[in-house]
Amino acid sequence: MAVLEATPENFDELIQAEYAMVDFYGDHCGACVFTAPFYRQAADQMAYLKFIKVNTSAYPELGKRFDVVGLPTFLYFHRGKEIFRSAGGMNLEGIREQLAKLLYPSDKGDDAHGPNSAE
1 MAVLEATPEN
11 FDELIQAEYA
21 MVDFYGDHCG
31 ACVFTAPFYR
41 QAADQMAYLK
51 FIKVNTSAYP
61 ELGKRFDVVG
71 LPTFLYFHRG
81 KEIFRSAGGM
91 NLEGIREQLA
101 KLLYPSDKGD
111 DAHGPNSAE
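full-length UniProt numbering puts the sequence shown at residues 1 to 119.
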């Protein structure tokens with residue numbers, strides 16, 4: 001599945017998916033550039049998840065709405081509800097590890113769909 005580009009007009013609709021990972025990135029962010037091909041590869045391999053990107057250079061209001069202070073920042077949603085977040089560049093294995101927290105939460109006090117606390 002392709003990575004979907006979010007805008008202020010379609011963002012709320014896109015995150016209503018069963019599971020969604022949102023990449024808040026910037027045009028001049030080195031870690032964002034590093035992560036982008038791995039993010040696309042994960043989207044191609046895991047079509048059952050919605051992969052969304054938000055360009056905070058073009059839509060800073062979305063970054064502000066979600067208190068994004070560093071780039072890249074990844075927010076993980078279950079049916080429109082933010083479950084947790086992570087920050088910093090990732091390779092494919094790192095993306096898979098984060099998605100495992102969303103799809104397969106541990107039995108150590110996590111809620112039904114991911115950790116209760118933000119990372």
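Ideal placement from N, C-alpha and C gives every residue a C-beta, glycine not left out.
Quiz item: Smallest Cα separation from Gly30: which of Asn10, Gly70, Ala17 and Ala2?
Solution: Your numbering for residue 30 matches position 30 in the sequence shown. For Gly30, the closest alpha carbon among the candidates Asn10, Gly70, Ala17 and Ala2 is that of Gly70.
Quiz item: alpha helix (DSSP H) containing Ile95: first to last residue?
Solution: Looking up residue 95 in the sequence shown gives position 95. Run containing Ile95: Leu92 to Leu103, per the alpha helix (DSSP H) assignment.
Quiz item: With C-beta atoms as the reference, is Phe66 less than 8 Å away from Ala20?
Solution: Within the sequence shown, numbered from 1, the residue matching residue 66 stands at position 66. Within the sequence shown, numbered from 1, the residue matching residue 20 stands at position 20. For the 8 Å CB-CB criterion, Phe66 and Ala20 do not form a contact.
Quiz item: To which residues does DSSP link Thr73 through a beta bridge?
Solution: For the purposes of this step, residue 73 is taken as the residue at position 73 of the sequence shown. Bridge partners of Thr73: Phe24 and Ala87.
Self-check item: Straight-line Cα distance separating Ser106 from Cys32
Solution: Numbered from its first residue, the sequence shown carries residue 32 at position 32. Numbered from its first residue, the sequence shown carries residue 106 at position 106. Taken atom to atom, the span from the alpha-carbon of Cys32 to that of Ser106 is near 28 Å.
Self-check item: C-beta contact flag for Phe24 and Val54 at 8 Å
Solution: Along the sequence shown, read from residue 1 onward, the residue named residue 24 stands at position 24. Along the sequence shown, read from residue 1 onward, the residue named residue 54 stands at position 54. Contact: yes.
Exercise. Compute the distance between the beta-carbons of Phe51 and Ala58, then report whether it is under 8 Å.
Key: The sequence position of residue 51 within the sequence shown is 51, counting from 1. The sequence position of residue 58 within the sequence shown is 58, counting from 1. No; because the gap between Cβ atoms is not below 8 Å, this pair is not in contact.
Quiz item: Which residue's Cα is closest to the Cα of Ser86: Glu93, Thr73, Gly80 and His28?
Solution: Numbered from its first residue, the sequence shown carries residue 86 at position 86. For Ser86, the nearest C-alpha among the options comes from Thr73.
Quiz item: What residues are listed by DSSP as bridge partners for Phe51?
Solution: By 1-based counting over the sequence shown, the position of residue 51 is 51. According to DSSP, Phe51 bridges with Met21.
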